[in-house]
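Just so we're aligned: 38 in our numbering is position 15 of the sequence shown, and the numbers increase by one with no gaps anywhere.
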Amino acid sequence: MVRHLVEMPDPRTADEPDLDFIAPSSVSEFSVSLINSDGSSVAASWDNTSSGDDSTSGSISSFEIRWASKEAGLIDNDEKWSAATIAFQGNSTVFADGSTDIDMSSFNIGDKYFAIRTSDEAGNISQLENGSFSDLISVPDAISPASVSNFLVTEVNSDFSLATASWDNSSSGDDSTSGSISSFEIRWANDEKVNTNAKWETATVVFQGDSSDFAKGSVQIDMSGTTDDSKYFAIRTKDEADNISPLETGSYTDIVSDIKQFKQPKSFQLNQNYPNPFGEKSAQAKEAVTTIKYKLSKPSHVSLDIYNTLGQKIQTLVDMDQVNGDYSIKFDASGLPGGIYIYRIKAGSKILTKKMLLLR
Numbered sequence: 024m025v026r027h028l029v030e031m032p033d034p035r036t037a038d039e040p041d042l043d044f045i046a047p048s049s050v051s052e053f054s055v056s057l058i059n060s061d062g063s064s065v066a067a068s069w070d071n072t073s074s075g076d077d078s079t080s081g082s083i084s085s086f087e088i089r090w091a092s093k094e095a096g097l098i099d100n101d102e103k104w105s106a107a108t109i110a111f112q113g114n115s116t117v118f119a120d121g122s123t124d125i126d127m128s129s130f131n132i133g134d135k136y137f138a139i140r141t142s143d144e145a146g147n148i149s150q151l152e153n154g155s156f157s158d159l160i161s162v163p164d165a166i167s168p169a170s171v172s173n174f175l176v177t178e179v180n181s182d183f184s185l186a187t188a189s190w191d192n193s194s195s196g197d198d199s200t201s202g203s204i205s206s207f208e209i210r211w212a213n214d215e216k217v218n219t220n221a222k223w224e225t226a227t228v229v230f231q232g233d234s235s236d237f238a239k240g241s242v243q244i245d246m247s248g249t250t251d252d253s254k255y256f257a258i259r260t261k262d263e264a265d266n267i268s269p270l271e272t273g274s275y276t277d278i279v280s281d282i283k284q285f286k287q288p289k290s291f292q293l294n295q296n297y298p299n300p301f302g303e304k305s306a307q308a309k310e311a312v313t314t315i316k317y318k319l320s321k322p323s324h325v326s327l328d329i330y331n332t333l334g335q336k337i338q339t340l341v342d343m344d345q346v347n348g349d350y351s352i353k354f355d356a357s358g359l360p361g362g363i364y365i366y367r368i369k370a371g372s373k374i375l376t377k378k379m380l381l382l383r
């Protein structure tokens, strides 16, 4: 019997399959430009021959574009790449096109850096080198600060040579209500409300301040040398890009000359509003505007609020420190439904309330 010996391969010397350790080359000539001025859509392009399966030969398997904020800086190393946000992922076919549009509308608006890297089938990834990451892509700031709210002006002196302006210091920011405004301005006119851009342009500047002044929520304004006529005021804010806040209800006043402090009252008083009732079906006044008068016997922090019968606050008319004197302020109920409303004034620890009737 003849035995045939079969020689088995030595596992220590057997050939191993070839492993791919060659990464694609770095992408070159990568650039990003704005499609929309607000940065919600951008166009990316690159040299489609600069990166292949092995260095520059063959075809890559996939590629990825990422972005980082201005504060994060250039995406020029692996650590920054890992921290960056994915903006686009594509395959070899898209890479061969050499360009693509990217929808950025779901991301925060602002200046951004971009970078691109390719991968092969073995998972090797291209390096980040000059040409594969972009410089800062600047997005013009087109978002205006929000309109200032709860803007009020009251006289300090009976001759109106000095007045106090107050506002909600959280109502207007760099972009809408976020961030901080760069500057603000208060203007006045003596003929009509400063409630349009045209009226704002012709109104007289009485105060200019920066973000720190705005954060205080109130300033005193010098009105000496002005006429004794009725006065209307408005306030607007600006950001660093010179976007200006709109003029909306709450950012301009009704007539201010009725807010007086000529007498020195002996007691804290809240008068019945006049006219009352008021509104479209009122025999006394067809407009939804009424005047509320009150007296302070000593300097106090004053809040004057309007409530509905459910106890819900509708509007704040006054929220500031005031000296003793006689005051009056107009309440514009335009846009409110008819019914009974309650106005409540608090001066220090004292509180007074009254009712008024709006007819529709």
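By construction, the Cβ of each residue, glycine as well, lies at the ideal position given by its N, Cα and C atoms.
Model, not experiment: these values are computed from the prediction.
Query - Cα-Cα separation, threonine 219 to serine 157 - result: 43 angstroms
Query raised in the report: So lysine 135 packs on isoleucine 109, CB below 8 angstroms; how close in whole Å?
Result: Wrong, their Cβ atoms sit about 13 angstroms apart, outside the cutoff.
Requested in this report: Please report how far the alpha carbon of aspartate 233 lies from the alpha carbon of phenylalanine 207, in whole angstroms.
Outcome: 6 angstroms
Query - Closest Cα partner of serine 51 within the set Ile125, Ile267, Gly75, Ile244 - result: Gly75
Report task. Buried or exposed for glutamate 303, please, with buried defined as at least 16 other CB atoms from any protein chain shown within 10 angstroms of its CB. Result -> exposed
Query raised in the report: By how many angstroms is the C-alpha of aspartate 43 removed from the C-alpha of glutamate 102?
Result: 24 angstroms
Query - Rounded separation between isoleucine 365 and methionine 379 - CA only - result: 6 angstroms
Query raised in the report: Out of curiosity, what's the CA-to-CA distance linking serine 398 and leucine 359?
Result: Beyond the ends of the chain as shown, which are 24 and 383, falls residue 398; an answer cannot be given.
Query - alpha helix (DSSP H) runs wholly inside the stretch 141-212, at least 4 long, in chain order - result: none
Requested in this report: With DSSP as the reference, label alanine 370 as helix, strand or coil.
Outcome: strand
Requested in this report: Check the DSSP bridge columns for glutamate 87 and list the partner residues they point to.
Outcome: Gln112, Arg140
**Report entry** Distance between glycine 96 and tyrosine 255 (C-alpha atoms, nearest Å)
**Finding:** 48 angstroms
Query - Selected residue, minimal CA-CA separation from serine 60, among Ile132, Ile45, Glu178 - result: Ile132
Requested in this report: Leaving out five residues on either side along the sequence, give the residues of the same chain with a beta carbon under 8 angstroms from the beta carbon of glutamine 338.
Outcome: Asp328, Ile329, Phe354
Query raised in the report: What are the boundary residues of the beta strand (DSSP E) that includes aspartate 233?
Result: 227-233
**Report entry** Residue environment, valine 162, which counts as buried when at least 16 other CB atoms sit within 10 Å
**Finding:** buried
Query raised in the report: alanine 238 by DSSP, collapsed to three states: which one?
Result: helix
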